[in-house]
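Under my numbering, the first residue of the sequence shown is numbered 2, with each subsequent residue one higher. We put the beta carbon where it would ideally sit given N, CA and C, even for glycine. Remarks on the structure that follows.
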Amino acid sequence: MEFHERYNDSYARCIRNPRFLTIFYERFCSRNDNFRLMFANVDMDRQIKMLKASLMIIMLANTSREARESVRKYHHHTTFTY
Numbered sequence: 002m003e004f005h006e007r008y009n010d011s012y013a014r015c016i017r018n019p020r021f022l023t024i025f026y027e028r029f030c031s032r033n034d035n036f037r038l039m040f041a042n043v044d045m046d047r048q049i050k051m052l053k054a055s056l057m058i059i060m061l062a063n064t065s066r067e068a069r070e071s072v073r074k075y076h077h078h079t080t081f082t083y
């Protein structure tokens, strides 16, 4: 089985539970106060939608030139600050 097939299968197993990403963020933020503070004023429903979209782009990037191009454009116009 190739990497993208394992990734897709793993993602499919995770999203069977509709609360998977909510639980992920709860556990993520509980591990470190810095993580919790980073997400303190974040709309978590929106954050989860963005994470789902990002994971889908990763799934498609192996086979979709359009997905790779959208990531390239996004990163070109985005600066990350911490």
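Here DSSP, grouped into helix, strand and coil, assigns F4 to helix. Contact annotation, T23 with I49: C-beta distance approximately 7 Å; criterion of less than 8 Å satisfied. The DSSP-derived three-state label of I49 is helix.
With contacts defined by Cβ atoms closer than 8 Å, F21 and C15 form a contacting pair.
For N33, no alpha helix (DSSP H) encloses it, and the DSSP letter there is neither H nor E. It is roughly 29 Å from the alpha-carbon of F40 to the alpha-carbon of R7.
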